[in-house]
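A quick write-up on the structure given underneath.
Number of protein chains: 2
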Amino acid sequence: MSATKLAQLGEFGFLARFLPRLPRGRGVLIGAGDDCALVQMDSRRVLVTTDALVEDVHFEKQWMSPYQLGRKAYLVSASDIAAMGGRPRFAVVSAGVPPDYPSRDLDALHRGLAAAARETGAQLVGGNLSRADALFLSVALVGEAPAQPIERRGAKPGDLLFVTGRLGEAALGLRQLRRDPGARGAAVRRFREPVPRLRAGAVLAKNHIASAMIDVSDGLFQDLGHLCRASGVGARIELSSLPRSAQVRAASETLALAGGEDYELLCAVPPRRLARLQRLRPTMGCPITRIGEVTPLADGVRVVDARGASVALRQGGFDHFAARRR
Amino acid sequence: MSATKLAQLGEFGFLARFLPRLPRGRGVLIGAGDDCALVQMDSRRVLVTTDALVEDVHFEKQWMSPYQLGRKAYLVSASDIAAMGGRPRFAVVSAGVPPDYPSRDLDALHRGLAAAARETGAQLVGGNLSRADALFLSVALVGEAPAQPIERRGAKPGDLLFVTGRLGEAALGLRQLRRDPGARGAAVRRFREPVPRLRAGAVLAKNHIASAMIDVSDGLFQDLGHLCRASGVGARIELSSLPRSAQVRAASETLALAGGEDYELLCAVPPRRLARLQRLRPTMGCPITRIGEVTPLADGVRVVDARGASVALRQGGFDHFAARRR
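Going down the list, the sequences are from chains A and B.
If you count by our numbering, then the first sequence holds residues 22 to 347, one letter each, in order.
If you count by our numbering, then the second sequence holds residues 22 to 347, one letter each, in order.
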């Protein structure tokens, strides 16, 4: 293995190999490998997470304004808090910025970060500024955990699978921006500004509706795989049931499955919780759609068409290290 | 100002202009602008900070092993916790890594981070991995605050100035590595592995010895300036009193003043606390040396030689945006 490059192993290959070795100890209730870490500080259970946007990996400069970029850097981290049913409280940002970066753009970056934090009930409380050849923004977020945070593990065969909002829109926006940096429209707006499903996540956690949850950041199929591996189960997804706009449906069959950057919540719901889900649906602030069910591990993770036939997937999702090999 | 580039304004110029506008609100006791943010979560007061190491800005690949780099990325953040007298508890890392980076090196980075965290009583609980052309490591750290965290502001004229450990060693090590990437010796070791003064910081906070404190990361003169501006005071430093090795003294008169990366603690101590400082000195885990005193604001920040004459400084410290202009 000594000559293995990250590009061959991929982000998830590396994480799968490495994460189990991270220490679990005093005060660590949920460690690396879930959307957030859950730690205990006195009586308070605290969520901690970090995410980054890197120029020419996650975005190109002409695709969005510095203000929009600052917003997005915060919102993608907030989505990790949503995925455990928590409330974001305090953010710090570590920014790497080229020396010729205009200071008014840096100001706009920070204003975007601070505004997006404020809108979700959190505050940007500090940061660090470094020189870097390519712009990057790493946001770390500290949040309040619900009494029972929802982990990736916990789904059982027979649970039903639900997803919030709609899928594939951001990926379509990304595709449009790649073709034309001046592209406009709903898909581009969604790529620029994800909507962390904080209310839905909190409702699902507080009312013990979901048995397992993850945010869909790398494409539904890939993140479903993470949830299934953590839970030791399989899953069957009905392609025709995926919530997507007519535009997304027309663009490509696989966008909603493998596109990435949806930042919706995928969760498993035991059948006995369905009535409660139904009752609380109007309080979630977004649609939530049944897309399939959890199956035994041996059945694997399958996508079926309207006739029940398996759909072959050429692309599993977004892994920016491994992408070139596929 | 609209055409101002970050390189002209400098990191501190930008921070000075921007930070006062960051929101202060619910639960934020000390916001951006100090070494850490201090926030309230229920009854617990929590420190949050972030710092980053960026390839070709803070280090070159051949200067240190991935394991050493992982350690350093953690230790520089822990120094911010030390500067407020806190205890580091939980770390998350956001890593940007080139696709051709060997996975065993990434493994070593993480092992270094996790080991350094463990050695200071903290744990690495999560992380995020992105592709990036140049390696970067952003570490965010959550710590326990002492009952009375020490801020940068609070120094009064007449207070005495103390610094832990010795100054200029890391800067000498950096100079040696720039000349010869294979350089060895105490200075190089110190550049590679800073020693956050967690015990000294905790003793100074818990026993109400220091009125103001900062960690010396950008050079003594620069960080003294931050402390003085925050406190609204001036300072007089006696050059001959600066603690430094014979090697540092021989290398350059200004290394100990402007070198950077010392990660020692600089603090102001009211005269009535001197007896207590004296008594607790053996418990701090490192030397602590008197280097000058706090003066009225109008006197400015001065460095004097053994005869009391002002020493002119050509270089104020380390600002990696502004460095080229000086």
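We put the beta carbon where it would ideally sit given N, CA and C, even for glycine.
Values in this document were obtained by computation on a predicted structure and should not be read as measured data.
Same chain only: Cβ atoms within 7 Å of residue i, ignoring 5 sequence neighbours per side
i        : result
B/Ala231 : Ile171, Leu225, Cys288, Ala289, Val290
A/Val332 : Leu260, Val324, Val325, Asp326
B/Val322 : Leu245, Gly246, Cys249, Gly255, Ala256
B/Leu350 : Since the displayed chain B opens at 22 and closes at 347, residue 350 of chain B lies outside it and no answer follows.
B/Val269 : Gly189, Glu190, Leu193, Leu276, Ala277
A/Arg346 : Because A/Arg346 carries a pLDDT of 33, less than 50, the predicted location of this residue cannot be relied on, and the following value inherits that uncertainty. The answer is none, since no qualifying residue turns up.
B/His131 : Gly91
A/Gly306 : Arg220, Ala221
B/Pro292 : Gly179, Leu181
Supposed close pair residue i, residue j - CB separation, criterion 8 Å
i        : j        : result
B/Ala99  : B/Leu248 : Actually they are not in contact, since the Cβ atoms of B/Ala99 and B/Leu248 sit about 20 Å apart, beyond 8 Å.
B/Val315 : B/Gly106 : Rounded, the Cβ-Cβ distance is 19 Å, inconsistent with contact.
A/Val60  : A/Val49  : 6 Å
B/Gly133 : B/Gln89  : 6 Å
A/Ala103 : A/Gly222 : 4 Å
B/Val97  : B/Pro215 : 6 Å
A/Ile312 : A/Ile258 : 6 Å
B/Ala94  : B/Gln144 : No, B/Ala94 and B/Gln144 are not in contact; Cβ-Cβ is about 15 Å, not under 8 Å.
A/Val147 : B/Thr70  : In the sequence on display, residue 147 of chain A carries Gly and not Val. Contact flag correct, Cβ pair sits at about 6 Å.
A/Ala73  : B/Ser151 : 5 Å
B/Pro308 : B/Pro264 : 7 Å
A/Ala208 : A/Gln197 : 6 Å
A/Glu282 : A/Phe212 : 6 Å
B/Ser252 : B/Ala233 : 5 Å
A/Asp63  : B/Arg65  : 5 Å
A/Leu127 : A/Phe242 : Contact doesn't hold; Cβ gap of about 37 Å is too wide.
Residue range of the alpha helix (DSSP H) that includes residue i
i        : result
A/Ala129 : 124-140
A/Arg199 : 190-200
A/Asp101 : 87-103
B/Gln222 : Going by the sequence as given, residue 222 of chain B is Gly instead of Gln. 219-227 is the span of the alpha helix (DSSP H), which, as asked, contains B/Gly222.
B/Cys249 : 241-252
B/Gln348 : Since the displayed chain B opens at 22 and closes at 347, residue 348 of chain B lies outside it and no answer follows.
B/Ala267 : 267-272
A/Arg210 : 207-213
A/Ala277 : 276-279
is_contact[residue i, chain C] using C-beta, thresh 7 Å
i        : result
A/Gln144 : The structure shown contains no chain C; its protein chains are A and B.
Close beta carbons around residue i, own chain, < 8 Å, minus the five adjacent residues each side
i        : result
B/Arg210 : Gly194
B/Leu301 : Val224, Asn228, Ile230
Residue i: CB within 6 Å of a non-hydrogen atom of the ligand NAD
i        : result
B/Gly186 : In the structure on display, the ligand NAD does not appear, and there are no ligands present to speak of.
Residue interval of the beta strand (DSSP E) (run including residue i)
i        : result
A/Ala166 : Here A/Ala166 belongs to no beta strand (DSSP E), and DSSP marks it neither H nor E.
B/Gln61  : 58-62
B/Ala327 : Neither: B/Ala327 is in no beta strand (DSSP E) and is coded neither H nor E.
B/Arg297 : Careful: B/Arg297 lies outside any beta strand (DSSP E), inside the alpha helix (DSSP H) at 295-301.
B/Cys288 : 285-290
B/Pro109 : 108-118
B/Thr304 : From DSSP, B/Thr304 is part of no beta strand (DSSP E); its letter is neither H nor E.
A/Ile312 : 309-316
B/Arg173 : Premise fails: B/Arg173 is in no beta strand (DSSP E) and is neither H nor E.
B/Ile230 : Segment: none, B/Ile230 is in no beta strand (DSSP E) and carries neither H nor E.
A/Leu334 : From DSSP, A/Leu334 is part of no beta strand (DSSP E); its letter is neither H nor E.
A/Val75  : 65-75
B/Arg257 : 255-259
A/Leu181 : 181-185
A/Val49  : 49-51
Beta-carbon contacts of residue i that lie in its chain and below 6 Å, excluding the five residues immediately before and after
i        : result
B/Gly280 : Gly189, Ala192, Gly240
B/Arg294 : Ile230
A/Glu359 : The displayed coordinates of chain A run from 22 to 347. Any statement about residue 359 of chain A would go beyond what the structure contains.
A/Ser115 : Asn149, Ser159
A/Thr304 : Val224
A/Asp55  : Glu172, Arg173
A/Leu181 : Val290, Arg311, Glu314
B/Leu318 : Gly253, Val254, Gly255
A/Asp320 : Gly255
Point to revise | Chain-ordered residues of the region 58-73 of chain A with a beta carbon less than 8 Å from chain B | key: Cβ contacts with chain B come from Ala58, Val60, Met62, Asp63, Ser64, Arg65, Val67, Val69, Thr70, Thr71, Asp72, Ala73.
Exercise for review: Could you list the residues in the region 259-283 of chain A with a C-beta less than 9 Å from some C-beta on chain B, going in chain order?
Suggested key: Nothing from the region 259-283 of chain A brings a Cβ to less than 9 Å from some Cβ of chain B.
Practice item. Could you tell me whether the region 153-165 of chain A touches the region 173-193 of chain A, where touching means 3 or more Cβ pairs closer than 8 Å? Key: Counting Cβ pairs under 8 Å, fewer than three are found: no touch.
Review point. Closer than 9 Å, Cβ to any Cβ of chain A: which residues of the region 162-177 of chain B, in chain order?
Key: Correct list: Leu162, Val163, Glu165.
Point to revise | Given 8 Å, three or more beta-carbon pairs between the region 154-161 of chain A and the region 111-120 of chain A | key: By the Cβ rule, the region 154-161 of chain A counts as touching the region 111-120 of chain A, because three or more pairs are nearer than 8 Å.
Check your understanding: Which residues, taken in chain order from the region 146-158 of chain B, show a beta carbon closer than 7 Å to some beta carbon of chain A?
Key -> Against chain A - using a Cβ distance shorter than 7 Å - the residues of the region 146-158 of chain B are Val146, Gly147, Gly148, Asn149, Leu150, Ser151, Arg152, Ala153, Asp154, Ala155, Phe157.
Review point. Taking any Cβ of chain A, which residues in the region 117-130 of chain B have a Cβ under 7 Å from it, in chain order?
Key: So the close ones are Gly117, Val118, Pro120, Asp121, Tyr122, Pro123, Ser124, Arg125, Leu127, Asp128.
Check your understanding: Given a limit of 9 Å on CB to CB distance, which residues of the region 104-115 of chain A reach chain B?
Key -> Interface annotation for the region 104-115 of chain A against chain B: Arg110, Phe111, Ala112, Val113, Val114, Ser115, criterion Cβ-Cβ distance under 9 Å.
Point to revise | Meets three-Cβ-pair contact criterion under 8 Å: the region 196-211 of chain B and the region 69-87 of chain B | key: At 8 Å Cβ cutoff, the stretches touch.
Practice item. Closer than 9 Å, Cβ to Cβ, to anything on chain B: give me those residues from the region 310-329 of chain A, in chain order. Key: Identification of residues in the region 310-329 of chain A having a C-beta nearer than 9 Å to some C-beta of chain B yields an empty set.
Point to revise | Interface residues of the region 75-86 of chain A facing chain B [CB-CB below 7 Å] | key: For the region 75-86 of chain A, the beta-carbon criterion of a distance under 7 Å to any beta-carbon of chain B is satisfied by Val75, Val78.
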